Amino acid sequence: MIQWLNDPGNWTAPGGILDQLRAHLQYSIIALVIAVALALPVGLLIGHTGRGRWLVTVANAMRALPVVGLLILLYVMLAPHIHGKGDTVYLLPTEIVLVLLAIPPILAGTVSGVENVAPDVRDAAAAMGMRGSQVVRRVELPNALPLVFSGLRSATLQVIATATVAAYLGLGGLGRFVYDGQASQNYAERNAGAVLVALLAVAADLVLALAQRYTVSRGVSGRFPRGRTSEAADGPGGGDLRGEGGGAADGPPVTAETPPSPHTA
Amino acid sequence: MVSAPVSGRKGGRGLVIRFESVSKKYPDGTVAVDRLDLVAPSGAITVLVGPSGCGKTTSLRMINRMIEPTDGRIWLDDRDTATVPTHQLRRGIGYVIQHAGLFPHRTVLDNITTVPELLGHDRKRARRRALELMERVGLPPHFAKRYPAQLSGGQQQRVGVARALAADPPVMLMDEPFSAVDPVVRAQLQNEFLNLQGELGKTIVFVTHDIDEAIKLGDQVAVLQVGGRLAQLAPPAELLSEPADTFVAGFVGRDRGYRALGFAGAGRLPVRQEQVIALGAASGEARDAAEGGWVLVTDAAQRPQGWLRAEADADPPPSTPAEPVTEAQLNLGGTLASENATLREALDAALSSPSGRGVIVDDSGRLLGTVTASEVLARIEQQRAAGERSTQGGES
Numbered sequence: 001m002i003q004w005l006n007d008p009g010n011w012t013a014p015g016g017i018l019d020q021l022r023a024h025l026q027y028s029i030i031a032l033v034i035a036v037a038l039a040l041p042v043g044l045l046i047g048h049t050g051r052g053r054w055l056v057t058v059a060n061a062m063r064a065l066p067v068v069g070l071l072i073l074l075y076v077m078l079a080p081h082i083h084g085k086g087d088t089v090y091l092l093p094t095e096i097v098l099v100l101l102a103i104p105p106i107l108a109g110t111v112s113g114v115e116n117v118a119p120d121v122r123d124a125a126a127a128m129g130m131r132g133s134q135v136v137r138r139v140e141l142p143n144a145l146p147l148v149f150s151g152l153r154s155a156t157l158q159v160i161a162t163a164t165v166a167a168y169l170g171l172g173g174l175g176r177f178v179y180d181g182q183a184s185q186n187y188a189e190r191n192a193g194a195v196l197v198a199l200l201a202v203a204a205d206l207v208l209a210l211a212q213r214y215t216v217s218r219g220v221s222g223r224f225p226r227g228r229t230s231e232a233a234d235g236p237g238g239g240d241l242r243g244e245g246g247g248a249a250d251g252p253p254v255t256a257e258t259p260p261s262p263h264t265a
Numbered sequence: 001m002v003s004a005p006v007s008g009r010k011g012g013r014g015l016v017i018r019f020e021s022v023s024k025k026y027p028d029g030t031v032a033v034d035r036l037d038l039v040a041p042s043g044a045i046t047v048l049v050g051p052s053g054c055g056k057t058t059s060l061r062m063i064n065r066m067i068e069p070t071d072g073r074i075w076l077d078d079r080d081t082a083t084v085p086t087h088q089l090r091r092g093i094g095y096v097i098q099h100a101g102l103f104p105h106r107t108v109l110d111n112i113t114t115v116p117e118l119l120g121h122d123r124k125r126a127r128r129r130a131l132e133l134m135e136r137v138g139l140p141p142h143f144a145k146r147y148p149a150q151l152s153g154g155q156q157q158r159v160g161v162a163r164a165l166a167a168d169p170p171v172m173l174m175d176e177p178f179s180a181v182d183p184v185v186r187a188q189l190q191n192e193f194l195n196l197q198g199e200l201g202k203t204i205v206f207v208t209h210d211i212d213e214a215i216k217l218g219d220q221v222a223v224l225q226v227g228g229r230l231a232q233l234a235p236p237a238e239l240l241s242e243p244a245d246t247f248v249a250g251f252v253g254r255d256r257g258y259r260a261l262g263f264a265g266a267g268r269l270p271v272r273q274e275q276v277i278a279l280g281a282a283s284g285e286a287r288d289a290a291e292g293g294w295v296l297v298t299d300a301a302q303r304p305q306g307w308l309r310a311e312a313d314a315d316p317p318p319s320t321p322a323e324p325v326t327e328a329q330l331n332l333g334g335t336l337a338s339e340n341a342t343l344r345e346a347l348d349a350a351l352s353s354p355s356g357r358g359v360i361v362d363d364s365g366r367l368l369g370t371v372t373a374s375e376v377l378a379r380i381e382q383q384r385a386a387g388e389r390s391t392q393g394g395e396s
């Protein structure tokens, strides 16, 4: 397998690793973009209004569908209606399957992210005169981001792993090596394909972890420079001999309340 | 209609809030507020107080329509709140809640500028004003970049107050803002809040379940009864001296006689000179200066630091005469009363002092002298007698 991977010809040839990597990424990114475009707004709406929670249950139930079976079913159903246009007849069923897989974790993450925003925080937002949409955009989404990201990351892993089946319908992607290797009993090629899929998934997760780090507010993720939280104090305590009579306003801080450790998802 | 027993403060810039027969009934038949008539005068603090379930928070939240009344009207000056779009109404009303409800993802500064931002105010000006407000509520400027999770409860509440004030609203609603912090910080926040209000003169409606807080902060106090009925609306002193019915009397509490002393200035108390020693002086000196076994210790600026036990069988055991007096040996039990303290503060200073002598200080914290409990009591008797004479004089 290492030998197969080390052969430069296997990488650069037409239909080689680089080509299939590009195709694999393409299928995955299309599916994820569509899934986010659908699940994020719907999830925000469900979380904000508290209505339509059953949709999350339905979406979760869809995860139980067998991927290959669904793929074939969709192909059989859709093929008669699609004529010409190159790969579309294969691409469409594949993308539908991938989108269906990606929606549930993103939806569930978004809904619980919004639901986990402290009630008094939303209350304050509304009471300060934010409209509903402003509450969602300015308060609920930024605070839900860690859970939105964890949904997106688990969807990404799943989509990249599952995009392998595109090759089953004769499309490209890293699945090509898995199916071709299996068919031609070239096990080095088959195993290399599987390892490449796993590596791609890990790499994608790292990229998203980085994106999460830069988009989630430090106030939410709780990444503060060390030693800055402990000096929180409320100034001099009044009430004893040194307090109430005045003149003690410049006294040293006496109460060092430790703030509650912020919630991290 | 209930007339307002308190007129607005002079120079008050707030609006008048008027409840006109306001009710809130829930579909299940619960009545949270029952035909409430109430006027919160301009520039004054109106406290709504009562046991849980009395509808005080519901009443408050009906003002900014976080809860819609089922009946009646609420007026801000001559504007019926029901005719104003809610988001517009709320942007003109400051709102402070129990746990501050700060936005965790925004820095202190960004939290404070929320409403000016919603109103489309100039960003630079809003930030400058936010920094001013931080100073006013007692937050150092380097807190501006911190997040709420980095602050203590008391600090968060200060940010909450600054945020509510950011767009300079004429009206402030406060829902138990100080009840989630420890008593020491609470007292501090209350005092600073009163100072701030002295400068700003907002119309404030303040909800609490704590009658002491109500009496301390309120220009007028509305006592609500379970079922949302107004039991009494009166200035705090009147609430203590003339409770309208047994419910109010019971709610106001048993030691209301003592608490009422908090509304009577002690006047010039006959303070006695006290022998003091400086912190760090020799212990032998303390024993010579002691009176009744106790001597008051001050710092270099004549500010009282604590009482020192100066008897042979003292505990902690006396040090050798040459050893200096240290802070650790001091008894800090006594409270201080300022020269223009109320009778309650003066009496408390005397009662809490281990020597029985209450310490009176001037405005900068320097020692003026001491006063005993019996001297304060004599003053109370004297004032009572004077009060009776003046009322009799008025009747004849």
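Order-wise, the sequence lines are chains A and D. Going by UniProt numbering, the residue at position 1 of the first sequence is 1; the numbering climbs one at a time, nothing skipped. Going by UniProt numbering, the residue at position 46 of the second sequence is 46; the numbering climbs one at a time, nothing skipped. Glycine included, each C-beta is placed from N, C-alpha and C at the ideal position. Remember, it's a predicted structure, so these values are computed and weren't measured experimentally.
Linking residue 324(D) to residue 333(D) through their CA atoms gives a straight-line distance of about 21 Å.
Contact annotation: the stretch 87-103 of chain D touches the stretch 165-176 of chain D, with at least three C-beta pairs closer than 8 Å. Residue environment analysis places residue 363(D) among the exposed positions, since fewer than 16 neighbouring C-beta atoms fall within 10 angstroms of its C-beta. The beta carbon of residue 122(A) sits closer than 8 Å to those of 135, 139, 140, all from its chain and outside the five residues before and after it, given in chain order.
Separation of the CB atoms of residue 220(D) and residue 234(D) is rounded to 7 Å, and the pair is thereby assigned contact status at 8 Å. Excluding five sequence positions before and after residue 21(D), the CB atoms of its chain that fall closer than 8 Å to its own CB belong to 35, 36, 37, 71, 72, 73, given in chain order. Assignment of residue 45(A) by DSSP, reduced to helix, strand and coil, places it in the helix class.
Taking C-alpha positions only, residue 310(D) is separated from residue 181(D) by approximately 38 Å. Taking 9 Å as the cut-off between beta carbons, the residues of the stretch 139-151 of chain D near chain A are 146, 147, 148, 149, 150, 151, in sequence order. Three or more Cβ pairs closer than 8 Å define a contact, and the stretch 87-102 of chain A meets that threshold against the stretch 68-78 of chain A. Assignment of beta-bridge partners to residue 222(D) by DSSP yields 48(D), 233(D). Under the DSSP definition of a beta bridge, residue 338(D) partners with 361(D). For residue 95(D), at least one C-beta of chain A is nearer than 9 Å to its own C-beta. In this structure, the CA atom of residue 109(A) is about 5 Å from the CA atom of residue 147(A).
Distances from the alpha-carbon of residue 16(A) to those of 222(A), 202(A), 180(A), 218(A) put 180(A) closest.
With contact defined as three or more Cβ pairs closer than 8 Å, the stretch 79-88 of chain D and the stretch 120-136 of chain D are not in contact. For residue 126(D), no CB of chain A lies under 9 Å from its own CB, so it is not counted at the interface with that chain. Residue 331(D) has 307(D) as its beta-bridge partners, per DSSP. Close partners of residue 131(A) in chain D (Cβ separation under 7 Å): 87. Residue pairing for residue 294(D): DSSP places it in a beta bridge opposite 291(D), 309(D). The three-state reading of DSSP puts residue 134(D) in helix, counting H, G and I together.
DSSP places residue 202(D) outside both helix and strand once states are collapsed to three, so it counts as coil. Taking the Cα of residue 78(D) as reference, the smallest distance to any Cα among 99(D), 14(D), 58(D) is reached at 14(D).
Taking a beta-carbon distance threshold of 9 Å, residue 41(A) does not count as an interface residue toward chain D.
Residue state for residue 85(D) is assigned as coil, using DSSP reduced to three classes. With a 10 Å radius around the Cβ and a threshold of 16 neighbouring Cβ atoms, residue 157(D) comes out buried. The Cβ atoms of residue 39(D) and residue 55(D) do not sit closer than 9 Å to each other. Taking a Cβ-Cβ threshold of 8 Å, the residues of chain D close to residue 121(A) are 101, 102, 103, 104, in chain order. Within chain D, the residues 105 have their CB atoms less than 7 Å from the CB of residue 142(A), given in chain order. When the beta-carbon positions are compared, residue 240(D) and residue 274(D) stay at least 9 Å from each other. Residue 57(D) is positioned such that its CB atom lies closer than 9 Å to that of residue 176(D). Within 7 Å of the CB of residue 134(D), no CB atom of chain A is found; the nearest one sits about 14 Å away.
The bridge partners DSSP lists for residue 95(D) are 173(D). Taking a C-beta cut-off of 7 Å against chain D, the contacting residues of the stretch 135-161 of chain A are 139, 142, 143, listed in chain order. Nearest CB-CB separation between residue 207(A) and chain D: not below the 9 Å threshold.
In the same chain as residue 280(D), and ignoring 5 residues on each side of it, the C-beta atoms closer than 7 Å to its own belong to 324, 325, in chain order.
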